[in-house]
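Accompanying notes for the structure given below.
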Amino acid sequence: MTVNVVGKRVKRVDAVAKVTGKAKYTDDFMERDMLVGKILRSPYAHAIVKKIDVSKAKALPGVEAVLTYKDVPDNKYATAGHPYSLDPKHRDREDRTILTKKARFVGDEIAAVVATDDLTAEKALKLIDVEYEVLEPVLTPEDALKENAPLIHEEYDNNIISDFGYQIGDVEESFKESDYIFEDEFETSIVQHCHLENHISYAYVDADDRIVIVSSTQIPHICRRIVGQALGIPWGRIRVIKPYIGGGFGNKQDVCLEPLNAALTLAVGGRPVKIDLSREECMIATRTRHAFKYKFKTGVSKDGKLIATHITAISNNGAYASHGHSIAMSAGTKFRPLYSFKSIKFDPVTVYTNLPAAGAMRAYGVPQIKFALESHMENIARKLNMDPIEFRRRNLLGEGYVDPLNGNKVLSCGIHECIAKGKELINWDEKKEKYKNQTGIKRRGLGMACFSYASGTHPVGLELAGARIVLNQDGSVQLQIGATEIGQGSDTVFAQMVAEVLGIPVDMVHVVSTQDTDISPFDTGAYASRQTYVTGMAVKKAALEIKEKILNFVWGMTDIPAEALDIEDANIVYKHSGEVVMPLSKVAMQTYYDTVFAKPITSDTSNNARVNAMSFGVTFAEVEVDIKTGKIEVVEIFNVHDSGKIINPQLAEGQVHGGVSMGIGYALSEEMLFDEKTGKPLNNNLLDYKLPTIMDTPDIGVAFVETHDPTGPFGNKSLGEPPAISPAPAIRNAVLDATGVAFDRIPMTPQRVFEKFKEAKLV
Amino acid sequence: MGKIAIKVTVNGKKYDLEIDPRLRLIDLLRDELRLTGTKEGCGEGECGACTVLLNGAPVNSCLVMAFQADGKKVLTIEGLGSEEKMHPIQEEFLKQGAVQCGYCTPGMVLSAYSLLKKNPQPAREEIKKYLAGNLCRCTGYDKIIKAVESASQKGVSRDD
Amino acid sequence: MKKFTVYSPKNLDDALRCLKTATGQTKLLAGGTDFVIQLREGSITPDTVIDISGVQELKCIKEEDGFLKIGAACTFTQISESNLVQQKAFCLAQAASEVGSEQVRNAGTIGGNIANASPAADSLPALVALNAEVTIVDANGKSRSIPVEKVSAGVGKNNLVANEIITEINIPLLGEDWRTAFCKLGRRKALAIARINMALVVRFDESAGLIKDARIALGAVGTVAFRTQKAEGILVGNKPSRELMEKFAETVSTVVEESIPTRSSMPYKRTAVKGLAFDIFEKLFSDSLKK
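Protein chains in written order, with my numbering: chain A, 1 to 763; chain B, 1 to 160; chain C, 1 to 291.
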């Protein structure tokens, strides 16, 4: 296989549609007489509906239906976008119903109306009379864990979702062998994805009495199953269609609207009903990133070798389990391939609180633990009086590491090269020297942080991906996948892979971008940075299969053995000389219209990945801190990634830019705020919630260390999520370098920075 | 209290319309004229996804009442270029890889177009200031800035 | 949202006639950047809406009778790009250029900014420091003039009566020896609500190197932007220097402390305003500081 297309800066296959405004997102489809669904949300964080009267709302002209918790199936279901498990013990916590009698956060869904238009629906919501018995809200994990704390879900004691953890080795014994013990505590805040397109779906019942749901989802096939479970109807009666989506970042790896949407269309005789969340609703009633509190106790030898670490974590899950304890376990798992510890004890607890439900968000628990761990590493290095980079280097694991708990083996690792490259890019040594002994109002500093991550969820979750290729009459192919394009560029890299294997130009690969569970092959969807790795292998297999079928067909036509043939630039050629035998289009026409041998060629395959490639990387950051205003400016930032072979450098850079920008927001400005007494959201809009604007985002430097992982379809490993992991700790470590002040909490907002400076007597 | 008659030119086409006074400009464009390239991201003028040009100046179409467009010219993404003949700024967005999920793209492209009309050779900081009302969560803005710079270097503002 | 009647007058006489004949609750609409949101969230429920964004007299910027006169329906873009404003009231041009975003500056008007009485409104400190007066006309054409800081009646409320309209903002012209500047501190660099904003207007005798007069206004540290004589006193009669800058910053800091003594953000704002004071001082006196 000669490499022509993989590794090239191929233009996105969907860019023309997007840049001309032609790309259709869920809200851009117009069904005739579409009705509007709106949700009545609890104004209380913790309350029970004592009485609910919908008669006035129902009587309003233009109102087609009003549903309360009494009118929807009483099926408990889980919303997390995980593959179904045949093992009941391995399933997500089923703790919610479509509408609820008990409100568990401000914004919880009590009732819903269907009306002819927005204004009527809004008016109808106001006409629903609800009498609540207001309960004491539980707003922090510490309060939730208190003895006799009010229970958020009656059936779960102590408000604990899970406290499952693990121990490798014996940390207590290992501490005894250690020369030093270091302890630190860290805290992260609740943040939100802020994809530009809010959650939206519409649903109707088709002529065959099947429920069709068009939704902005990352996981159409999973969505179908969860709607079936929530409504208690056969899964085959549901069809989910996913058009272009305006970003997801994990928030659309959760089934938020679709079960209610299905119930609403059923309530109005199958007429189309749309639910389009406002930004304010989307920021509280979908999912958030879990806030974590971490405690680290780490034993180190005199020569700077890590020996043991005991990690205690509290994960604030909010009102419903969603991805629940998986987030903490992902954190506790994915950091392991980086540093060598003789013993690790991981003690997490995931706790319900009366806040919006936390779920999946880019890098799934890892930004939190890496903020803590890389800050902790920095603190230790300083206390040991060691160069922080040298300290990390001494403890890196590298190739050949086999994880003792899940058996994953590191087959490629470029972390050392990543560090070296980052150091060089930021001009580390020279600047370190220059920034010694600063005393002014504005001070500069350098920091870095490393990470390890996985490609997909194996062996925790099933990693199944399907791909189907059809040879068209003109020699082009269509590629169908169940994996979803959510902006990351998966359609484009799949097209490149097919073009590469098949020997045709990329523009002859037509990717069917819309997933339709009736048509698209099964795939669990966009999450865990899995698609280029897991689905990519399915795509490669499908391309190899169709190529074999094509060459065999030509063998039949020409009597030239298939193994003597190849395809280059859409021509069938002799493998040994490259001489053209015939154009692929001629073969394609024969497959359709030869009166004797016609047999259209397709391939249809799937990949059940039972491997997982570890990716690695590093952030180097330079900051300038204004001691007076507490403002932190990121002057330079570089992310260097080992994601194996880079399939499309331009798209890959784009992933890194976006992830780093998100990481900068995480470090400096983003945080969801709630009233401490009532749990009411205080900044659930894009003006008061400070995601970085173009002016807040510095130039972001990107570099790749291209290793080759033998388990990836083209040597590639995960890239989508990793860029968001290490910016926050790198920035935090740079602030420490500039000011000597060690932050233990993000975001480092000017006010918080200032208060800490005051404590440290800098101001 | 019935409907209001307005005359508005959208993408060069003149419309005589009877509209509900409560419609916003974005509702008029998307729901009445079916120009769905204009996206809504927040409804409060915070994200800029709904940016259109009103008499040549970028505005958030979610913060303008439809009747305020009476007698004015509106340019939406559909009016800037087509798949067959893209505007050079759109081409630069393609080339530089400034598009990811695409939801902010129409508004971002229109803001960039307006900037280059007004200031054909903007400095990097001027680009940033002008585009600051268009949020993007995917790209970290890097390639968007490059696209505008590259379009500027090619003098695309003079092409139309 | 109930239906409402819309008037779109094109001149001031028509606008006043509309005000006179309007029935029920009447709301004026100019840029719409606050109006549309309030309408949709139901915090305003007008029966009649008068769209004054097309009223020609309200869209002029001119110099007349010793005043810089800015029509109430002038947009922030118009103000920030006006040569006249840049020359005669630079701090206002700066403040206008820091409002929200390009889109908001293209729609939002100065009259709306004043009438909506947001404590963090960016134009206010500049207008207050410039001694701006606001002309208000009622439906009968009777006009009155009040200092800009008197329009606000607390957060989101104003002292206008139902049939009144802000028509013009009048800024007494400053002599050649005056300098002005505006600074803002937000939680991010754009689309930011001011945490503190400040305008400084000074008369500076270049030959003597002396500050002859000074007017300082602070915003977002109280319900409405206000002047601080205490800090002004520090500057007047003195030569710009590093020491004076420090002293000025310390005084402004005390002013903030006294203005919002119980607010949880006080300790932060008290210190952060010093950074802002340095910035604004440097903007105005970079020449003297370099010496």
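C-beta: ideal position from N, C-alpha, C; glycine also.
Quick caveat, the model's predicted, so the values are computed rather than measured.
query	result
Taking C-alpha atoms, which residue in C136/B, Y130/B, K128/B, V156/B lies nearest to M86/B?	V156/B
Considering only residues of the same chain and omitting the five flanking positions on each side of L691/A, which have a CB-CB separation below 7 Å?	C194, G665, E670
Put V752/A into one of helix, strand or coil per three-state DSSP.	In the sequence as displayed, the identity of residue 752/A is Arg instead of Val. Residue state, collapsed to three classes: helix.
Check T233/A in the structure and name its three-state DSSP category.	Looking at the sequence itself, residue 233/A is Ile, so the reference to Thr does not match. Note: I233/A maps to coil in three-state DSSP.
Distance check for M361/A and D744/A, CA to CA, integer angstroms please.	22 Å
Closer than 8 Å, Cβ to any Cβ of chain C: which residues of the region 618-639 of chain A, in chain order?	D626, K628, T629, G630, K631
In terms of residue numbering, what span does the alpha helix (DSSP H) encompassing L479/A cover?	Note, L479/A: premise wrong, no alpha helix (DSSP H); beta strand (DSSP E) at 477-481.
Within this structure, are the beta carbons of G37/B and P106/B separated by less than 8 Å?	yes
Once the 5 residues before and after E485/A are set aside, which same chain residues still bring their CB inside 7 Å of it?	D14, D491, S513
What runs of the beta strand (DSSP E), each 3 residues or longer, lie entirely inside the region 547-613 of chain A?	565-568, 571-574, 580-583, 602-608
Can you tell me whether DSSP reads P747/A as helix, strand or coil?	coil
Whole-angstrom Cβ separation of A117/C and S152/C, contact assumed at under 8 Å?	4 Å
Between A564/A, N552/A, P722/A, M582/A, which lies nearest to F597/A when the distance is taken from Cα to Cα?	N552/A
Put C62/B into one of helix, strand or coil per three-state DSSP.	coil
Hey, quick one: how far does the beta strand (DSSP E) through E168/C stretch, first residue to last?	164-172
Taking 8 Å as the threshold (C-beta atoms), are G644/A and P723/A in contact?	no
Is the CB of L68/C under 8 Å away from at least one CB in chain A?	no
Quick check: is the beta carbon of S265/C nearer than 8 Å to any beta carbon in chain A?	yes
Evaluate the contact criterion for the region 196-205 of chain A versus the region 300-316 of chain A: three or more CB pairs, one atom per stretch, below 8 Å.	no
Who are the neighbours of T77/C on chain B, taking C-beta pairs under 8 Å?	A57
DSSP on V85/C, reduced to helix/strand/coil?	helix
Mind listing the chain B neighbours of V236/C? Cutoff is C-beta to C-beta under 9 Å, in chain order.	Within chain B, no residue comes near V236/C; the closest Cβ sits about 34 Å away, beyond 9 Å.
What does the alpha-carbon distance come out to for the pair S207/C and I146/C?	36 Å
At a Cβ cut of 8 Å, what residues of the region 5-39 of chain B count as close to chain D, listed as they run along the chain?	Here the protein chains are A, B and C, and chain D is not one of them.
Can you tell me whether DSSP reads N159/A as helix, strand or coil?	helix
Leaving out the 5 sequence neighbours to the left and right, which residues in its chain are closer than 6 Å to L257/A when beta-carbon positions are compared?	H199, S201, I275
Could you list the residues in the region 191-222 of chain C with a C-beta less than 9 Å from some C-beta on chain A, going in chain order?	L191, A192, I193, R195
Are there any heavy atoms of the ligand PLP lying less than 7 Å away from the beta-carbon of L23/B, as far as the coordinates show?	This structure does not include the ligand PLP; it has no bound ligands of any sort.
In chain A, what lies closer than 9 Å to M245/C by C-beta?	Those do not exist, as M245/C stays about 12 Å from chain A at its closest Cβ, beyond 9 Å.
Should N571/A and P583/A be called a contact, given that it needs their Cβ atoms to be closer than 8 Å?	yes
Let's test the definition: count the other Cβ atoms within 10 Å of the Cβ of I519/A and tell me whether it reaches 16, buried, or not, exposed.	exposed
Quick one: grab the DSSP three-state call for Y132/A.	strand
Are the CB atoms of Y574/A and G246/A within a distance shorter than 8 Å?	no
Does the pairing of the region 704-714 of chain A with the region 335-350 of chain A give three or more beta-carbon distances under 8 Å?	no
Using DSSP bridges, identify the partner residues of C42/B.	In the DSSP output, where bridge partners are listed per residue, C42/B has none listed.
If I follow the unbroken alpha helix (DSSP H) through C282/A, where does it start and stop?	279-285
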